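Residue numbers (the working numbering): 730 to 961.
We put the CB at the ideal spot given by N, CA and C, even for glycine.
Bear in mind the structure is a predicted one, so any value in this text is a computation, not a measurement.
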């Protein structure tokens, strides 16, 4: 099956983003030229599997997967809402539902310019079977824009139904390290502006959090890091 792949580009900087519309509207490539005059010498900001475009890879394994109507995990394989149970499909190793639906679905193009792309997924239109797995219909739009050397995304969530729509939204970017081929990945410094860590039980937040040291906020070497945690 041929995938729908779109590349958008800023005409001044020659930075470009490539989106797999038919693979969850995943922006799996973002390339920024080191010089606007030499578009061949680029920095690849995002990481993706070499054959991601084929559609044979795990959808959440590359680029920037869009996680909706819930990011992260739900306990077990059923979502309880207003006294009704909604069966889920994807499970982690602990048997928890994970990452929602739309990163595995083909989206549609709504509008496109040289430097921007707007895509949409509407549950009742694009996969009505999802209405058995979630309490309400939903429509999600994503607008990708490349301006200068910046990639930005804007999301719009709509509830076309008459019942309340519970939802969460997340992105799951894979950044490439090292950016420079002359630097070992383990020696790269990663800094994240966080101040609290949330307690987990079977990879699910308990609702308790605590203040943590500023080490990660100040920067840690990538080789010293191994996290699968929730921070804020």
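Spatially closest choice to residue i from the options, by CA coordinates
| i | options | result |
| --- | --- | --- |
| residue 778 | 862, 841, 870 and 755 | 755 |
| residue 782 | 803, 774, 768 and 752 | 752 |
| residue 945 | 801, 960, 855 and 935 | 960 |
| residue 733 | 750, 798 and 936 | 750 |
| residue 741 | 731, 760 and 766 | 766 |
| residue 758 | 737, 820, 887 and 768 | 737 |
| residue 906 | 855, 762, 763 and 775 | 775 |
Proximity below 8 Å, CB of residue i to CB of residue j
| i | j | result |
| --- | --- | --- |
| residue 687 | residue 795 | Missing from the structure shown is residue 687; the chain here goes from 730 to 961 and no further. |
| residue 847 | residue 868 | no |
| residue 849 | residue 837 | yes |
| residue 746 | residue 878 | no |
| residue 949 | residue 919 | yes |
| residue 916 | residue 952 | yes |
| residue 825 | residue 898 | no |
| residue 748 | residue 760 | no |
| residue 926 | residue 908 | no |
| residue 938 | residue 823 | no |
Environment of residue i [buried if 16+ CB atoms lie within 10 Å]
| i | result |
| --- | --- |
| residue 834 | buried |
| residue 921 | exposed |
| residue 910 | exposed |
| residue 817 | buried |
| residue 866 | buried |
| residue 844 | buried |
| residue 956 | exposed |
| residue 769 | exposed |
Pairwise C-alpha distance: residue j and residue i
| i | j | result |
| --- | --- | --- |
| residue 859 | residue 914 | 40 Å |
| residue 876 | residue 739 | 6 Å |
| residue 814 | residue 885 | 27 Å |
| residue 889 | residue 806 | 26 Å |
| residue 809 | residue 892 | 15 Å |
| residue 912 | residue 936 | 39 Å |
| residue 857 | residue 790 | 25 Å |
| residue 841 | residue 735 | 9 Å |
| residue 901 | residue 801 | 10 Å |
| residue 812 | residue 864 | 11 Å |
Reduced DSSP secondary structure (H/G/I, E/B, other) of residue i
| i | result |
| --- | --- |
| residue 951 | helix |
| residue 956 | coil |
| residue 857 | helix |
| residue 761 | strand |
| residue 833 | helix |
| residue 809 | strand |
| residue 739 | coil |
| residue 928 | strand |
| residue 745 | strand |
Near the ligand NAD: residue i beta-carbon under 7 Å from a heavy atom
| i | result |
| --- | --- |
| residue 854 | Judged by which ligands are present, the structure shown has none, so any question about the ligand NAD falls away. |
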